[in-house]
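Encoded as structure tokens, the structure appears first; notes follow it.
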Amino acid sequence: MNRFFGLLVLVTLAMFSRGTAQSTVTANSQKKPLTLEAIFAEGGITGRSPETVKWSPDNTKVSFVQRDDFGEHGELWYVDAATGGKKVLVSESKLAMLAPPSNKITDEREKERVTRYHVAEYSWAPDSKHLLFDSQGQLWLYNLENGTAVQFTSAPEKSEDPKFSPDGTHLAYLRKHNLYIRPVSGKGEKQLTKDKDENLLDGEVDWVYAEELGVRSNYFWSPDNKEIVFLQMDENQVPTYPITDWLPTHPKVDMEKYPKAGDTNPSVRLGVVGASGGKVKWISLTKETDIYIPRFGWLRDGLLWAEVLNRIQDTMELYFVDAHSGSSRKVLTETSPEAWVNVNDDFRVLKSGDRFLWSSWRDGHTHLYVYSFDKQHLLAADAKLERQLEQGNYEVLGVEGVDEDSGTVFFTANKDDPRQTKVYGVKVDGSALHEVMPGEGTHKVTFADNGKALVDNYSSALTPPSLAVCNPERSCHKFWESRSVTDYDLTAPKYLEFKADDGATLYGQLLLPPEGRPSAKIPVIVSVYGGPAGQLVRNAWGGTTELFHELLVRRGLAVFSVDNRGTPNRGRTFSTAIRKEFGIIELKDQLAALNSLFAQYPQLDKERVAVWGWSYGGSMTLYSMTHSEAFKAGVAVAPVTDWRNYDSIYTERYMGLPKQDAKAYDDSSIPKAAGNLHGALLLVHGTSDDNVHLQNSVQMVDALIKAGKQFRLMFYPNKTHSISGPEARTQLFHMMQEHFERELK
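Numbering (my numbering), first residue to last: 3 to 747.
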């Protein structure tokens, strides 16, 4: 479950007197008008950001696709990393053929997959002189020197996840759940795996691995171009869920493979196949079969590494593997009793070939460690801990790059403030820890392979995103920025702190309407996500949701947010407080912070409070309305209502297995508490939601009817978890606003 779609907002609204409305209009008369139509229009008020930002393999260029607000017309540009100069690489007319825009995709689930998982429109060839384009499943090779394109595949089935061999002479790709390869120059396509069972995925990523483990590809070339390692996923025993298109006269049903909590997961194993074909060599790792293999790759020619995670996700094992014999050795074990082990992309083998980077929250916070191993006798001994690279009361958010020449590891962290993300560098020997990108706010970075330059995606609460190519120790060249929002005179948040009952600090923020209003109490909107994947109180651009909050502030409302225990990036104790207690701790912290807020700001009206949220936030909306009487109304969008309905990886990580931890599941089941509903509920769901299934809302509706409760219900036909698109979003937020104004008179 991804935080992008999850947003809980505790809302207090009111029907205002004519005098109040006039005062608000007068106070805001100098601001540029802000409407829901403008917020949710294609491109919004800040413009469409660049797509598929990539470094060229020679580390000299940054490429990106820039389209118009509607996502239709666009060009592929590059930025010179040294000078910041920009130039068109692929013209609009050619790009239209080579990479049709995502808005041409009519299937809502496929459109969400492409946008949600950042499926690339193109990739660089190793020579930095060619680009490979994916044109709706057909591959094209584009020559940058002469501007010509050659169609690479023409099979009726889609060719997906293409990858050049390291020397650029061959291309591998997936088709019909199998691996294929062909030379870049000339013909001769070869099918490397030949499984005919559609439930066997060779190198392909299934839904749950993509959604919950962040897996984007399941096969990799060997450094010497001779072999490919891939993960085979066997989905034969995985249950299915029906996704129904209700619009045709005869509805269409697509059966989605989806393991719910406690269900059979796909069985997985690693295989190695020669680039010239032949029999697959299967790798022996652990004797356990109910496992995850979330990350794997090549150490060097003939030698592999793989991470193995157990079903309850409290133990991660790192294996080194002889790809030719198939034998392996467990060289490191990471455990997190009474918690879970986080999956990340921080494993990096250093250039010396005998050391690697590893991250862990074993000391209570996520930090980086250096391990060494005998590269001549890889399977002879365990890896040895050399040192912890840095330490402190903060979280390392990810390894971003390594400059081998200077021996510097670059990483993002919230070192100075958990509400901000900055870039730091530290020597591999643990010395010279320093901040790389100064300035308050949030930096999302993409480093060149050599670690000597980066693309910085910067934003803050009042500053929409901009992109710059930077030398990590010197200067930056900005090459794209959002449209200015200065004329909107956005409201600056007041940052607040509260205490949980265990003494933990809870960070909050408050948006207050303009001064000069009458003395009547101010309604309040408290915005929270509340779940393990979402942090709301951040010094970062909040996008359309925060602009919606701005619109409400202009109507005389206050907007409040607090990140309760269980939200991420605050350390192990803070994050794991909700383990096997979904809803309980979150609501306790939300109510405590809300009560403290009313004590600090007596002008806020505690009698008119409503709650709304999306995904985990939708779950919290329903939990709050059935486990407290603090809210007079609420809107729950795409909620999980019973955690037995949600996917295995996410749910079991935090709640355990349903058979062993039945009480935890029962206590968090919202339909069981339907009879305690307090307040006017509007329940919303997309009928083609393949993430949080419509089943959740149907079960809630059934329970509410049996409990004799009145409520309102809205379905969005064929819409997925995001309920995307200008028409749907504008209609939804208008409906929400009207619901609150009607119920909170």
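Glycine included, every Cβ here is placed at the ideal spot set by N, Cα and C.
* Asked: In the structure shown, what three-state DSSP assignment does Arg567 receive?
  -> The residue you call residue 567 lines up with position 565 of the sequence shown. Three-state result, Arg567: strand.
* So is Gly87 buried or exposed if we call it buried at 16+ other beta carbons inside 10 Å? -> For this step, residue 87 is matched to residue 85 along the sequence shown. Answer is exposed; the Cβ neighbour count stays below 16.
* For Val637, the nearest candidate out of Leu381, Ser699 and Leu334 (CA to CA) -> Against the sequence shown, residue 637 aligns to sequence position 635. If you compare the alpha carbons of Leu381, Ser699 and Leu334 with that of Val637, the shortest gap goes to Ser699.
* Buried or exposed: which applies to Ala2, given that a residue is buried once 16 or more other Cβ atoms fall within 10 Å of its Cβ? -> This structure leaves residue 2 out entirely; the chain is present only between 3 and 747.
* To do: Quick one: grab the DSSP three-state call for Glu53.
  => Residue 53 sits at position 51 when you count from the first residue of the sequence shown. Strand, per DSSP.
* Asked: Would you report the Cα separation of Leu9 and Ser621, rounded to the nearest angstrom?
  -> Translated into the one-based positions of the sequence shown, residue 9 becomes position 7. Translated into the one-based positions of the sequence shown, residue 621 becomes position 619. Confidence in Leu9 is poor, its pLDDT being 37 and thus under 50, which makes the residue's placement unreliable; the coordinate value appears in the next sentence. Roughly 10 Å separates the two Cα atoms.
* To do: Count the other C-beta atoms from every protein chain shown that fall within 10 angstroms of the C-beta of Ser58, then say buried if there are 16 or more, exposed otherwise.
  => Counted from its first residue, the sequence shown places residue 58 at position 56. Under a 10 Å Cβ-count criterion, Ser58 is classified as buried, with 16 or more other Cβ atoms of the shown protein chains found around its own Cβ.
* **Contiguous alpha helix (DSSP H) assignments of at least 4 residues, all confined to the region 544 to 630** => Counting only runs of 4 or more, we get 545 to 556, 574 to 577, 586 to 602 and 618 to 629.
* To do: Helix, strand or coil for Val186, going by three-state DSSP, please let me know.
  => What you label residue 186 is simply residue 184 of the sequence shown in a count that begins at 1. For Val186, the three-state secondary structure derived from DSSP is coil.
* To do: Please go through the same chain and pick out, in chain order, the residues whose beta-carbon is closer than 7 Å to the beta-carbon of Thr117, but skip the five residues on each side of it.
  => Residue mapping note: residue 117 aligns to position 115 of the sequence shown, counting from 1. Cβ neighbours of Thr117 beyond the five flanking positions: Ser104.
* Asked: What are the partner residues of Ser361, as DSSP defines its beta bridges?
  -> Position 359 of the sequence shown, counted from the start, is the residue given in the question as residue 361. Per DSSP, Leu370.
* Asked: Would you say the region 680 to 692 touches the region 701 to 720, given that touching needs at least three Cβ pairs under 8 Å?
  -> With the rule of 3 Cβ pairs closer than 8 Å, the region 680 to 692 counts as touching the region 701 to 720.
* When you compare each of Trp126, Lys708 and Gln378 to Asp60 by their alpha carbons, which one comes out closest? -> Locating residue 60 in the sequence shown gives position 58, where the first residue counts as 1. In this structure, Trp126 is the residue among Trp126, Lys708 and Gln378 with its C-alpha nearest to the C-alpha of Asp60.
* With 16 other CB atoms within 10 Å as the buried threshold, where does Pro244 fall? -> As a first step, residue 244 must be located in the sequence shown, where it is residue number 242. Pro244 comes out exposed.
* Asked: On the three-state DSSP scale, how would you describe Phe633?
  -> For the purposes of this step, residue 633 is taken as the residue at position 631 of the sequence shown. Phe633 falls in the coil class under three-state DSSP.
* Can you grab the Cα-Cα spacing for the pair Tyr260 / Trp645, in whole Å? => The sequence position of residue 260 within the sequence shown is 258, counting from 1. The sequence position of residue 645 within the sequence shown is 643, counting from 1. Roughly 14 Å between the two C-alpha positions.
* Asked: Is the distance from the Cβ of Val411 to the Cβ of Val430 below 8 Å?
  -> Mapped onto the sequence shown, residue 411 falls at position 409. Mapped onto the sequence shown, residue 430 falls at position 428. Contact flag set, yes.
* Run through DSSP, which three-state label would His379 get? -> By one-based count along the sequence shown, residue 379 stands at place 377. Here His379 carries a coil assignment [DSSP, helix/strand/coil].
* What does a CB cutoff of less than 7 Å around Leu91 pick up in its chain, not counting 5 residues either side in sequence? -> Position 89 of the sequence shown holds residue 91. Excluding residues within five positions, the ones whose Cβ falls inside 7 Å are Ser65, Leu78, Trp79, Tyr80 and Leu146.
* Asked: Bridge partners of Leu734, per DSSP?
  -> What you label residue 734 is simply residue 732 of the sequence shown in a count that begins at 1. For Leu734, which the question treats as bridged, DSSP gives no partner whatsoever.
* Asked: Can we say the region 48 to 57 touches the region 481 to 495, given the rule of at least three CB pairs closer than 8 Å?
  -> Contact holds between the region 48 to 57 and the region 481 to 495, because three or more Cβ pairs, one in each stretch, are under 8 Å apart.
* Can Pro185 and His172 be called in contact, C-beta distance under 8 Å? -> By 1-based counting over the sequence shown, the position of residue 185 is 183. By 1-based counting over the sequence shown, the position of residue 172 is 170. Cβ atoms of Pro185 and His172: closer than 8 Å.
* Skipping 5 residues on each side, what residues in its chain have a beta carbon closer than 7 Å to that of Thr28? -> Residue mapping note: residue 28 aligns to position 26 of the sequence shown, counting from 1. Residue placement at Thr28 cannot be trusted, given a pLDDT of 39 that sits under 50; the coordinates are not used to answer.
* 7 Å Cβ shell around Val372 - same chain, five flanking residues per side excluded -> Against the sequence shown, residue 372 aligns to sequence position 370. Only residues of its own chain outside the window of five on either side were considered, and among them Arg357, Leu359, Glu388, Arg389, Leu391 and Val430 have a CB closer than 7 Å to the CB of Val372, listed in chain order.
* When the Cα atoms are used, what is the spatial distance from Leu97 to Thr150? -> On the sequence shown, residue 97 is found 95 positions in, with the first residue counted as 1. On the sequence shown, residue 150 is found 148 positions in, with the first residue counted as 1. So the two alpha carbons sit approximately 12 Å from each other.
* Asked: Got a sec, what are the start and stop residues for the beta strand (DSSP E) Ser163 sits in?
  -> Taking the first residue of the sequence shown as position 1, residue 163 is located at position 161. Checking the sequence shown, residue 163 turns out to be Asp, not Ser. Boundaries of the beta strand (DSSP E) around Asp163: Glu162 to Phe166.
* To do: Tell me whether the beta-carbon of Asp208 lies closer than 8 Å to the beta-carbon of Pro268.
  => Position 206 of the sequence shown, counted from the start, is the residue given in the question as residue 208. Position 266 of the sequence shown, counted from the start, is the residue given in the question as residue 268. Their beta carbons are under 8 Å apart, which means Asp208 touches Pro268 by this criterion.
* Could you tell me whether the region 363 to 380 touches the region 574 to 582, where touching means 3 or more Cβ pairs closer than 8 Å? => Contact check between the region 363 to 380 and the region 574 to 582: three or more CB pairs, one atom from each, fall below 8 Å, which counts as touching.
* Asked: Between Met702 and Thr423, what straight-line distance do the alpha-carbon atoms span, to the nearest angstrom?
  -> Position 700 of the sequence shown, counting from 1, holds the residue named residue 702. Position 421 of the sequence shown, counting from 1, holds the residue named residue 423. Roughly 38 Å between the two C-alpha positions.
* Go through its chain and collect everything with a Cβ distance to Ile478's Cβ below 6 Å, but skip five positions before and after it. => Looking up residue 478 in the sequence shown gives position 476. In the sequence as displayed, the identity of residue 478 is Cys instead of Ile. Same-chain partners within the cutoff: Ala470 and Cys472.
* Distance, Cα to Cα, Asp417 vs Gly510? -> The sequence position of residue 417 within the sequence shown is 415, counting from 1. The sequence position of residue 510 within the sequence shown is 508, counting from 1. Looking at the sequence shown, residue 417 is not Asp but Lys. Cα to Cα, Lys417 sits roughly 18 Å from Gly510.
* Asked: So, are the CB atoms of Met738 and Trp616 less than 8 Å apart?
  -> Within the sequence shown, numbered from 1, the residue matching residue 738 stands at position 736. Within the sequence shown, numbered from 1, the residue matching residue 616 stands at position 614. Contact flag unset, no.
* Asked: When you compare only the Cα positions, how much space is there between Ala612 and Leu233?
  -> Numbered from its first residue, the sequence shown carries residue 612 at position 610. Numbered from its first residue, the sequence shown carries residue 233 at position 231. Using only the alpha carbons, I get a separation of about 47 Å.
* To do: Please check the pair Leu589 and Tyr625, which I expect to be a contact at CB under 8 Å, by giving their CB distance rounded to whole angstroms.
  => Looking up residue 589 in the sequence shown gives position 587. Looking up residue 625 in the sequence shown gives position 623. Right, their Cβ atoms sit about 6 Å apart.
* Arg485 in three-state terms, based on DSSP -> For the purposes of this step, residue 485 is taken as residue 483 along the sequence shown, with counting starting at 1. Coil, per DSSP.
* To do: Using the Cα positions of Val404 and Glu740, report the straight-line distance between them to the nearest angstrom.
  => Residue numbering aside, residue 404 sits at position 402 when the sequence shown is read from its first letter. Residue numbering aside, residue 740 sits at position 738 when the sequence shown is read from its first letter. Near 52 Å, if we compare the C-alpha coordinates of Glu740 and Val404.
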